[in-house]
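Visitor: Can you read through this structure? Questions will come right after.
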Amino acid sequence: MKKVLLILCALLFFAQQASADPAEGQKPIHNVVTVNHAFSAGERLTYLISWSDIIDAGTAVMEVKEEKLTDGKKVYRLISTARSSGLVSKFYKVNDIIKSIFDPERLYSLSYRLDQSHGKRKKKREMTFNPEEGTVVIDEEGRKNTYSTPPGILDPLSSLYYARTREDFIVGKPILIDVHDDGKNWAVEVQTIGREKLKTSFGKFNTIKVKTYPRYEGVFQHKGEIYIWFTDDERKIPVLMQSEITIGSIMATLIAMQPGEEKK
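Residue numbers for the sequence shown follow our numbering, beginning at 107 and rising by one.
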């Protein structure tokens with residue numbers, strides 16, 4: 107049971123995970139500038155985390171807020187929170203907060219902050235991106251290091267939002283996304299499985315089913331495949347996220363949704 111609870115807690119941290127292999131050097135550059143019709147300020151998505159529809163482990167919330175930098179530039183603050191509940195909290199309490207500052211026009215990361223609490227384990231990490239110089243400064247436990255990055259690099263959280271802006275979900279043609287985390291540049295691969303009609307407690311959806319293979323630092327250390335069902339429309343809302351394990355399925359199911367503001 108303890109192993110199951112640990113994996114359940116792991117899925118509470120799903121939002122910033124991705125499938126990736128280390129990119130060699132600074133090329134090729136996979137991120138392309140798209141037009142964001144998928145999300146806007148005010149969007150709030152709430153998920154129930156469960157194991158095989160048997161045990162509820164907690165909830166996760168993803169929000170989009172609009173802010174202004176000191177120079178007046180408008181940016182999006184992407185916020186992902188995950189908290190355990192019930193039986194899971196008694197054995198292994200989880201409280202995670204991830205914040206990403208994202209350029210909504212050019213679609214790249216400006217900063218990223220992780221504040222993770224899993225049981226007695228604590229972790230904090232900050233990444234500050236400099237797109238003009240092609241660098242990122244990582245501050246972890248007071249230790250700062252600078253790394254080179256390719257143009258248009260994303261952090262683990264913003265990569266999920268960026269994926270929603272893509273329109274080229276084609277079976278047999280993987281989407282590759284450049285992501286930086288833990289001092290490494292990664293080429294994320296998202297494979298389109300096909301279109302499916304999905305029924306959940308929140309409603310019925312026409313979806314695009316994709317899968318990823320998490321391999322870099324993150325909670326899915328069992329290296330299983332993660333499936334994501336996006337709504338088959340311009341918003342590409344993640345309705346369901348699922349990871350298969352030997353003893354069942356770990357799922358993050360959309361249970362509440364507040365749409366963002368209409369773009370002018």
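Here a beta-carbon is modelled for each residue, glycine too, at the ideal position from N, C-alpha and C. On a predicted model such as this, the values are computed, not experimentally measured, just so you know.
Report back the beta-carbon spacing between Leu151 and Leu360 to the nearest angstrom; my notes put them in contact at under 8 Å.
Guide: Stepping through the sequence shown from its first residue, residue 151 is reached at position 45. Stepping through the sequence shown from its first residue, residue 360 is reached at position 254. Contact holds; Cβ gap of about 6 Å.
Visitor: Could you tell me the distance, in whole angstroms, from the CA atom of Asp159 to the CA atom of Ser355?
Guide: Working through the sequence shown from its first residue, we reach residue 159 at position 53. Working through the sequence shown from its first residue, we reach residue 355 at position 249. The straight-line gap from Cα to Cα measures roughly 8 Å.
Visitor: Within the continuous alpha helix (DSSP H) that includes Ala269, where are the two ends?
Guide: Residue numbering aside, residue 269 sits at position 163 when the sequence shown is read from its first letter. Pro262 to Thr271 is the span of the alpha helix (DSSP H), which, as asked, contains Ala269.
Visitor: Of all the options Leu213, Gly225 and Ile332, which has the alpha carbon lying nearest to the alpha carbon of Asp284?
Guide: Within the sequence shown, the letter at position 178 stands for residue 284. Checked all of Leu213, Gly225 and Ile332; the closest Cα to Asp284 is Leu213.
Visitor: Determine the closest residue to Val277 out of Val316, Pro257, Leu304 and Phe197, with distance taken between C-alpha atoms.
Guide: As a position in the sequence shown, residue 277 is number 171, starting the count at 1. Among Val316, Pro257, Leu304 and Phe197, the Cα nearest to that of Val277 is on Val316.
Visitor: Identify every residue that forms a DSSP beta bridge with Gly164.
Guide: Counted from its first residue, the sequence shown places residue 164 at position 58. The partner list for Gly164 (beta bridge, DSSP) reads Ile155 and Ser190.
Visitor: Please go through the same chain and pick out, in chain order, the residues whose beta-carbon is closer than 7 Å to the beta-carbon of Gln132, but skip the five residues on each side of it.
Guide: Taking the first residue of the sequence shown as position 1, residue 132 is located at position 26. Unreliable placement is indicated for Gln132, whose pLDDT of 49 sits below 50; the coordinate value is still reported in the next sentence. Once the five neighbours on either side are set aside, the close Cβ partners of Gln132 are Ser254 and Pro256.
Visitor: Between Phe145 and Gly366, which are expected to be in contact by the criterion C-beta below 8 Å, what is the C-beta distance as a whole number of angstroms?
Guide: Reading the sequence shown from its first residue, position 39 is the one you call residue 145. Reading the sequence shown from its first residue, position 260 is the one you call residue 366. With a Cβ gap of about 6 Å, Phe145 and Gly366 count as contacting.
Visitor: Could you check where the beta strand (DSSP E) with Ile281 kicks off and where it finishes?
Guide: The residue given as residue 281 occupies position 175 in the sequence shown. Looking at the DSSP string, the run of the beta strand (DSSP E) that includes Ile281 is Ile281 to Asp287.
Visitor: With DSSP run on the structure shown, which of helix, strand or coil describes Phe197?
Guide: Position 91 of the sequence shown holds residue 197. Looking at Phe197 - three-state DSSP - the assignment turns out to be helix.
Visitor: State the Cα-Cα distance for the pair Arg249 and Gln222, rounded to the nearest angstrom.
Guide: Here the question's residue 249 lines up with position 143 in the sequence shown. Here the question's residue 222 lines up with position 116 in the sequence shown. So the two alpha carbons sit approximately 17 Å from each other.
Visitor: Can you tell me whether Gln364 is buried or exposed, with buried defined as 16 or more other CB within 10 angstroms of its CB?
Guide: To locate residue 364, count along the sequence shown from 1; it is residue 258. In summary, Gln364 is exposed, with fewer than 16 beta-carbon neighbours lying within 10 Å of its beta-carbon over all protein chains present.
Visitor: Return helix, strand or coil for Lys230, following the three-state DSSP convention.
Guide: By 1-based counting over the sequence shown, the position of residue 230 is 124. Residue state, collapsed to three classes: strand.
Visitor: Note down the Cα distance separating Tyr268 from Ser215, rounded to an integer number of angstroms.
Guide: Taking the sequence shown and counting its residues from 1, one reaches residue 268 at position 162. Taking the sequence shown and counting its residues from 1, one reaches residue 215 at position 109. One C-alpha to the other measures close to 10 Å.
Visitor: Looking at the structure shown, is Pro257 part of a helix, part of a strand, or coil, going by DSSP?
Guide: Residue numbering aside, residue 257 sits at position 151 when the sequence shown is read from its first letter. Coil.
Visitor: Grab me the residues of Lys310's own chain with a C-beta within less than 8 Å of its C-beta, minus the 5 sequence neighbours each way, in chain order.
Guide: In the sequence shown, residue 310 corresponds to position 204, counting from 1. Here the set comprises Lys303 and Leu304.
Visitor: Can you tell me where the beta strand (DSSP E) holding His143 begins and where it ends?
Guide: Here the question's residue 143 lines up with position 37 in the sequence shown. First-last for His143: undefined, no H or E at that position.
Visitor: On the DSSP letters alone, give me the boundaries of the beta strand (DSSP E) that Leu216 sits inside.
Guide: Residue 216 sits at position 110 when you count from the first residue of the sequence shown. Segment Ser215 to His224, the beta strand (DSSP E) holding Leu216.
Visitor: At the level of alpha carbons, what is the spacing between Gly258 and Ile314?
Guide: Working through the sequence shown from its first residue, we reach residue 258 at position 152. Working through the sequence shown from its first residue, we reach residue 314 at position 208. Spanning the two alpha carbons is a distance of roughly 25 Å.
Visitor: DSSP three-state call for Val242: helix, strand or coil?
Guide: Residue numbering aside, residue 242 sits at position 136 when the sequence shown is read from its first letter. Val242 falls in the strand class under three-state DSSP.
Visitor: Please name the residue, chosen from Asp261, Trp335 and Glu173, that lies closest to Asp287 on a Cα-to-Cα basis.
Guide: Counting from one through the sequence shown, the residue named residue 287 turns up at place 181. Checked all of Asp261, Trp335 and Glu173; the closest Cα to Asp287 is Asp261.
Visitor: Hey, how far is the Cα of Ile155 from the Cα of Ser190?
Guide: Within the sequence shown, numbered from 1, the residue matching residue 155 stands at position 49. Within the sequence shown, numbered from 1, the residue matching residue 190 stands at position 84. C-alpha separation (whole angstroms): 9 Å.
Visitor: Out of Ile203, Glu173 and Phe235, which one is the CA nearest neighbour of Lys228?
Guide: Taking the first residue of the sequence shown as 1, we reach residue 228 at position 122. For the residues Ile203, Glu173 and Phe235, the minimum Cα distance to Lys228 belongs to Ile203.
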